[in-house]
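Asker: The structure's right below; bear with me while I get my questions together.
Residue numbers (the working numbering), protein chains in the order written: chain G, 1227 to 1531; chain U, 1227 to 1531; chain A, 1227 to 1531.
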């Protein structure tokens, strides 16, 4: 399997474009099987997968666990609380290598930006998947979002993605920039100035949300990370007035455009209640697709397909 | 499968009498198989079951988990501690629907009385089992108790069940009233006045325990929920004097009568030490039977039998 | 299976010498299979194993879990945090017997020295494995260490094992004394006087580490348990000066001698950084072998091999 560097997923650059196509094609067929009420082949039977989550993230953990078990793998969970008991005098790296020494077939890691994840992947004798790395990267979220868009529109080519809100603090957004562009999409960012200071070249910035909405195929909300704005002149009221998606603002959105969000939504902030009742709202599809994309990813990394 | 409303178990009314018979018959055959050292058919192979426990309840959780795995299902656990990490700004319902969106085959819920469990069951596209709902209902406990009595006596018809103690705060007792009566049993309640104010019609109340014991087939102790009596004029000494089952009081109990308790026992309060050495003491059987009854329940709800 | 008393493992005396040989032989063949990329036979398929860990020990728990699942068993985990929710008014014994009543096939127990583990094993109707019992015994750690030495040297006969450091507080050391001697090894202990007061007869004590190192086949470091030395005149600096293994001291060690440690290492105390880069350093092998030895142990106790 040559489309992954070191058979691991550090970030979206770990995948070749051909690797992504293969991944999405396999995710699609797993999706079709499960939706038809069939059991997918237990292609990971006998595989042992360690979920090493040093940060709380029940949602992503469950998604990986469900994906792994659907294909017959066994999961061993080492999460934040257990890590503390594991860590008597140990560094994070000691813990990683201890888990590695138990010889699982795959390690899935969620960790803060200070963890030497690149070094672990470089030296690991088994595949490692980045399941969220500080505010640096969250490649599987970007992959499942791209898959969701492609699954509905057929392709990302020339699709206009509008990313709204707390971009600077979003590891998701940074993975999106790189992945979605590579797949041919055009990205526009819209949010308060204080939340959009770190926008790379090649990404459009638009200050007027209502105007930007009229020309998009996907409205992608991002969670406002209040805990990061405590010491700043952040006004929640002003955010809601200018960026919250409500029934009135929704009228600016093209009928075919999708409403997405990596979750969890701050209801009343990014979205007002009622938004979830529109057929355009695809957050539940994103979550469902996450299981299929992660299943396909593990299968490919483990060389089982 | 028409004997369950919406293929879910909200309370004992979710089952038809014919549904209960079928459930007990299947539980009995799983019990016989396991007791004979045989592996039951993996009728739930490939099924994924989420245990969503927002209240601490390791005992019930383990029982469901063991039941599910015995039939080949996979369990994903979201418990109290994980719920808190799951809940960044989320309502309990958001969490439920997030779990639902991951497409498990069944969700087992333990929650406080404030949770909109009825609404979830109404709208869910997959079966949901109530594994304890505030002080409102705990149908699987009632089912396993009824099964235990029927398994020993052959039937509940005309059996006299004496429920002793903290009835008002017991979700178990409230489920018992409804289930055991439907199956033909006669229920008498005995306990301090302050603990027996909410007794529905058709249930006898008897104040003299020694007298009531002489005419019962089952002595069902209930856990005294001390945490609910802090601000009241509750006297532990007086409770023990009048309601605790000890060697002396045991002499009033007919030789064939069963001693049961949903657990965990406050030893020295509901029962004095030594009671567990009598052959009439069936608490361990209740726990064992819980696994069989829950296994049969999941099998029937999932249409796998 | 006659080589285990009561089909349980309380301590290293629970095994006959013939039982140990059989165990190591089976562990070796599981190791060979897994190293060759083969799946071991699912000899524990359908077995349910409860891990009852009343003390934090993620490392040992994971090792058992991985071993059990490798052979197809299902694990149910009751750990410290869950125990507290389990324990409403319950004694540790109540909890044990509640778990026992759910009819798992095996219970693996980690507990403090105050727990009546011997009594549980005596009365249990199913096999029980001691996975760490206060500071009294940790037989599977001793077994995996013995296996690691035998796997490299072919036999323990006449091998000189040097155990260094905090011997008094080490349940591992006490299990080592008994097991390694029975297998023919010669044991020397070296450490500060305050840490080596409880040495049984037949074990040599040597005060000069550099001298002792020159004549050993295995240098076994032990974790300094700082939390036990708070009120004592323990000097970390003095410990490091006299007992820490660093590059300079390593020159006293014969080229073929192994460096072992039950883990986790206090880096900078028992070992200085860099020690792990020597080919003699076998801690990762110990951890790997732990999975194989525990798998073989469970297989034999459950009569599946």
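For each residue, glycine too, the CB sits at the ideal point set by N, CA and C.
Could you please give me the residues that DSSP links to residue 1404 of chain U through a beta bridge?
Answerer: Partner(s): none; residue 1404 of chain U has no beta bridge.
Asker: Might you give, ordered along the chain, the residues of its own chain that have their beta carbon closer than 8 angstroms to the beta carbon of residue 1436 of chain G, omitting 5 neighbours on each side?
Answerer: 1475, 1478
Asker: Can you give me, in chain order, the residues of the stretch 1228-1260 of chain G that have a beta carbon less than 9 angstroms from any beta carbon in chain U?
Answerer: 1260
Asker: Hey, which unbroken runs of the alpha helix (DSSP H) at 4 residues or more fall wholly within the stretch 1400-1484 of chain U?
Answerer: 1435-1439, 1462-1469, 1473-1476
Asker: When the Cα atoms are used, what is the spatial distance from residue 1446 of chain G to residue 1398 of chain G?
Answerer: 11 angstroms
Asker: Confirm, please, whether the CB-CB distance from residue 1368 of chain G to residue 1329 of chain G is below 9 angstroms.
Answerer: no
Asker: Run through chain U and tell me which residues come within less than 8 angstroms of residue 1517 of chain G, C-beta to C-beta.
Answerer: 1328, 1329
Asker: For a contact defined as C-beta to C-beta under 7 angstroms, what are the partners of residue 1316 of chain G on chain A?
Answerer: Chain A residues near residue 1316 of chain G: 1490.
Asker: Less than 8 angstroms between C-beta atoms, sequence neighbours within five positions excluded: which residues of the same chain meet that for residue 1283 of chain A?
Answerer: 1336, 1357, 1358
Asker: Less than 7 angstroms between C-beta atoms, sequence neighbours within five positions excluded: which residues of the same chain meet that for residue 1454 of chain A?
Answerer: Here the set comprises 1395.
Asker: Give every residue of the same chain whose Cβ lies closer than 7 angstroms to the Cβ of residue 1286 of chain U, excluding the five residues on either side of it in the sequence, and list them in chain order.
Answerer: 1336, 1357, 1358
Asker: Is any beta-carbon of chain G found at less than 9 angstroms from that of residue 1324 of chain U?
Answerer: yes
Asker: Once you ignore the five residues that flank residue 1338 of chain G on each side, which residues in its own chain have a CB closer than 7 angstroms to its CB?
Answerer: 1280, 1281, 1360
Asker: At a CB distance below 7 angstroms, what residues from the stretch 1494-1511 of chain G approach chain U? Give them in sequence order.
Answerer: 1510
Asker: With DSSP collapsed to three states, give me the class of residue 1389 of chain G.
Answerer: strand
Asker: Please report whether the beta-carbon of residue 1393 of chain A lies at a distance below 9 angstroms from any beta-carbon of chain U.
Answerer: no
Asker: If the criterion is Cβ atoms closer than 9 angstroms, does the pair residue 1334 of chain U and residue 1326 of chain U meet it?
Answerer: no
Asker: Scan the stretch 1285-1305 of chain U for residues whose Cβ lies nearer than 7 angstroms to a Cβ of chain G and list them as they occur along the chain.
Answerer: 1300, 1302, 1304
Asker: Helix or strand or just coil, what does DSSP make of residue 1343 of chain A?
Answerer: helix
Asker: In whole angstroms, what is the alpha-carbon distance linking residue 1248 of chain G and residue 1363 of chain G?
Answerer: 22 angstroms
Asker: Would you grab the beta carbon distance between residue 1388 of chain A and residue 1512 of chain A for me? Rounded to a whole angstrom, and I think it's under 8 angstroms.
Answerer: That pair is no contact at about 16 angstroms.
Asker: Given a limit of 8 angstroms on CB to CB distance, which residues of the stretch 1419-1437 of chain G reach chain U?
Answerer: Residues passing the 8 angstroms Cβ filter: none.
Asker: With 9 angstroms set as the bound, which would you pick, yes or no: does the beta-carbon of residue 1513 of chain A sit closer than that to a beta-carbon of chain G?
Answerer: Taking Cβ atoms only, chain G reaches closer than 9 angstroms to residue 1513 of chain A, which makes this a yes.
Asker: Assign residue 1505 of chain G to one of two classes, buried (16 or more other C-beta atoms within 10 Å of its C-beta) or exposed (fewer than that).
Answerer: That one is exposed.
Asker: List the whole-angstrom C-beta distance separating residue 1269 of chain U from residue 1525 of chain U, where the pair is believed to meet the contact cut-off of C-beta under 8 angstroms.
Answerer: 5 angstroms
Asker: Can you check whether the CB of residue 1416 of chain G is closer than 9 angstroms to the CB of residue 1380 of chain G?
Answerer: no
Asker: Using a Cβ cut-off of 9 angstroms, pull out every chain A residue sitting near residue 1265 of chain U, in sequence order please.
Answerer: Ordered by position in chain A, the residues that pass the 9 angstroms Cβ test against residue 1265 of chain U are 1271, 1272.
Asker: Go ahead and pull the three-state DSSP assignment for residue 1351 of chain G.
Answerer: In the structure shown, residue 1351 of chain G sits in coil (DSSP, three-state: anything other than H, G, I, E or B).
Asker: So, is the C-beta of residue 1276 of chain G closer than 9 angstroms to a C-beta in chain A?
Answerer: yes
Asker: Kindly identify the DSSP beta-bridge partner or partners of residue 1336 of chain G.
Answerer: G:1279
Asker: Is residue 1320 of chain U close to chain G, meaning its C-beta is less than 9 angstroms from at least one C-beta of that chain?
Answerer: Yes - at least one Cβ of chain G is within 9 angstroms of the one on residue 1320 of chain U.
Asker: Leaving out five residues on either side along the sequence, give the residues of the same chain with a beta carbon under 6 angstroms from the beta carbon of residue 1298 of chain A.
Answerer: 1268, 1270, 1271
Asker: Using alpha carbons as the reference points, say which of U:1488, U:1355, U:1375 lies closest to residue 1411 of chain U.
Answerer: U:1375
Asker: My guess is that residue 1409 of chain G and residue 1372 of chain G are in contact by the Cβ rule of under 8 angstroms, so how many angstroms apart are they, rounded?
Answerer: In this structure, residue 1409 of chain G and residue 1372 of chain G form a Cβ contact; the two beta carbons are roughly 6 angstroms apart against a cut-off of 8 angstroms.
Asker: Since residue 1498 of chain A contacts residue 1471 of chain A with CB under 8 angstroms, what's their CB separation in whole angstroms?
Answerer: 7 angstroms
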